[in-house]
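If you read the sequences in order, they're chains G and Y. Those letters in the first sequence? Residues 1 to 160, by my numbering. Those letters in the second sequence? Residues 1001 to 1160, by my numbering. Okay, structure first, notes after.
2 protein chains.
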Amino acid sequence: MPKSQIDQIDRKILTRLQKDGRIANNDLAEAVGLSPSPCLRRVKALEESGLIRTYVALVDPAMVELPVNVFVSVTLEKQVEERLDSFEAAIRQRPEVLECYLMTGEADYLLRVVVPDLAAYEQFLKTHLTRIAGVASIKSSFALKQVRYETALPLHHLAV
Amino acid sequence: MPKSQIDQIDRKILTRLQKDGRIANNDLAEAVGLSPSPCLRRVKALEESGLIRTYVALVDPAMVELPVNVFVSVTLEKQVEERLDSFEAAIRQRPEVLECYLMTGEADYLLRVVVPDLAAYEQFLKTHLTRIAGVASIKSSFALKQVRYETALPLHHLAV
DNA sequence: GCCTTATTAGCATAATCTGCCAAAATCATA
DNA sequence: TATGATTTTGGCAGATTATGCTAATAAGGC
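Have a look at this one:
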């Protein structure tokens, strides 16, 4: 891979698009100090390289009645590769699981689950999580408040 | 507030925009079964109500050299309101902290921190996290792999 | 210093957005 | 069930924005 060298202008573009994914190309161009044409070319290149994965709308969780964040530590019975894959496949089916990480240390997986209320979480546990083959133990931790939620990655370390 | 009643069409719009924030209004309108004009009107209303918070570009963490996810459990010395606020203010200053939750149970806060490598995480710990006033204990858990990362909230429960 | 290559600016065309008005649908009330 | 008021919709027109093309500029190698 030729690494395609992300320069300062690309970094500015990414930082801006991570904040406002719908900024008009003209405005983006002005913000990064280019004319619209080469600016658009760079954006397209970043999209095609896969560096920009996608554009999304972010919805306010409270306003769609999803105020409850639960972090779930899951341990599997045996760490067989096959089991990991089937667990991950099962997790990917559930839309309320917004994040899932394979972890070092005690637990095998850490999930972030979003639900309308505790009843819905209980439902999720009983109907789905405990029914996944190989799940040995589950520990739930509830968030009282979402203090911060960012999707923009910090790009300072790319400065050349 | 009259609650403005989210109907099935709004739900379709939100679901679509959560997947593709840059879809053309014409295409969105067709997808949800409206003509462009009322579709755009609904989108604007959703934006102005704050239900759609913003639009962002999602960047691939690996491609910008940010492969390391760390979950950090932080306990404060005393749970004084003032301390919580100052801790949260300090956390909001750090761009590598993408998520922060006030938790029930043992730890006070759970953070998700994204860094290029372990050295950068050590730097973050020593230079920033341990220097925040009131921090009593820190426990770091490293993710081996990001199995799933979604920004789209599940909206099935809004079905009327 | 010259030539090659890559990147840029500006313009013209095409696509898209968005406000306005009449028509259709919905709803409450009698 | 009929009626009228209110809300929502569809289609059109003007304005904005995106995007491909070409020439000019800048960067890099020899």
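For each residue, glycine too, the CB sits at the ideal point set by N, CA and C.
Any beta carbon from chain G within less than 8 Å of residue i's own beta carbon?
i, result
"V1064 of chain Y", "yes"
"P1002 of chain Y", "Here the model assigns P1002 of chain Y a pLDDT of 33, short of 50, so the residue's position is not dependable and the matter cannot be decided."
"A1031 of chain Y", "no"
"N1069 of chain Y", "yes"
"V1114 of chain Y", "yes"
"L1158 of chain Y", "yes"
"L1155 of chain Y", "yes"
"L1014 of chain Y", "yes"
Quick check on DSSP: helix, strand or coil for residue i?
i, result
"T1130 of chain Y", "helix"
"R177 of chain G", "Outside the shown range of chain G, which is 1 to 160, sits residue 177 of chain G, and nothing can be said about it."
"K78 of chain G", "coil"
"I1023 of chain Y", "coil"
"E1088 of chain Y", "helix"
"E1099 of chain Y", "strand"
"Q1146 of chain Y", "strand"
"L1153 of chain Y", "coil"
"R1016 of chain Y", "helix"
"R42 of chain G", "helix"
"Q93 of chain G", "helix"
"L158 of chain G", "helix"
"E1048 of chain Y", "helix"
"I1006 of chain Y", "coil"
"E65 of chain G", "coil"
So is residue i in contact with chain Y if we call contact Cβ pairs under 8 Å?
i, result
"K19 of chain G", "yes"
"V59 of chain G", "yes"
"R22 of chain G", "yes"
Which partner residues of residue i appear in the DSSP bridge assignment?
i, result
"R1071 of chain Y", "The question names Arg, yet the displayed sequence has Phe at residue 1071 of chain Y. For F1071 of chain Y, which the question treats as bridged, DSSP gives the partners Y:R1112 and Y:S1141."
"L1028 of chain Y", "Partner(s): none; L1028 of chain Y has no beta bridge."
"L58 of chain G", "Y:T1054"
"V135 of chain G", "G:L76"
Do the segment 26-36 of chain G and the segment 1014-1032 of chain Y meet, that is, are 3 or more Cβ pairs less than 8 Å apart?
The segment 26-36 of chain G makes no contact with the segment 1014-1032 of chain Y: fewer than 3 CB pairs, one atom from each, lie closer than 8 Å.
What residues in the segment 122-153 of chain G have a beta carbon less than 8 Å from any beta carbon of chain Y?
Listed in chain order, the positions of the segment 122-153 of chain G with a beta carbon within less than 8 Å of a beta carbon of chain Y are S141, F142, A143, L144, K145, Q146, V147, R148, Y149, E150, T151, A152 and L153.
When you check each C-beta in the segment 1088-1112 of chain Y against every C-beta of chain G, which residues fall closer than 9 Å?
So the close ones are E1088, I1091, R1092, R1094, P1095, E1096, V1097, L1098, E1099, C1100, Y1101, L1102, M1103, T1104, G1105, E1106, A1107, Y1109, L1110, L1111 and R1112.
Listed from N- to C-terminal order along the chain, which residues in the segment 1043-1058 of chain Y have their beta-carbon within a distance smaller than 7 Å of any beta-carbon of chain G?
Those residues of the segment 1043-1058 of chain Y that come within reach of chain G (Cβ to Cβ, closer than 7 Å) are G1050, L1051, I1052, R1053, T1054, Y1055, V1056, A1057 and L1058.
Assess, as a yes-or-no matter, whether the segment 45-59 of chain G is touched by the segment 116-123 of chain G under the definition of 3 or more beta carbon pairs within less than 8 Å.
Fewer than three Cβ pairs drawn from the segment 116-123 of chain G and the segment 45-59 of chain G lie within less than 8 Å of each other, which leaves the two stretches out of contact.
Using 8 Å as the threshold, is the segment 104-112 of chain G in touch with the segment 73-90 of chain G, meaning 3 or more CB pairs across them?
The segment 104-112 of chain G and the segment 73-90 of chain G touch, with no fewer than 3 CB-CB distances between them shorter than 8 Å.
Inter-stretch contact (C-beta, 8 Å, three-pair minimum) for the segment 1148-1158 of chain Y and the segment 79-95 of chain G
Flag = yes, the segment 1148-1158 of chain Y and the segment 79-95 of chain G touch.
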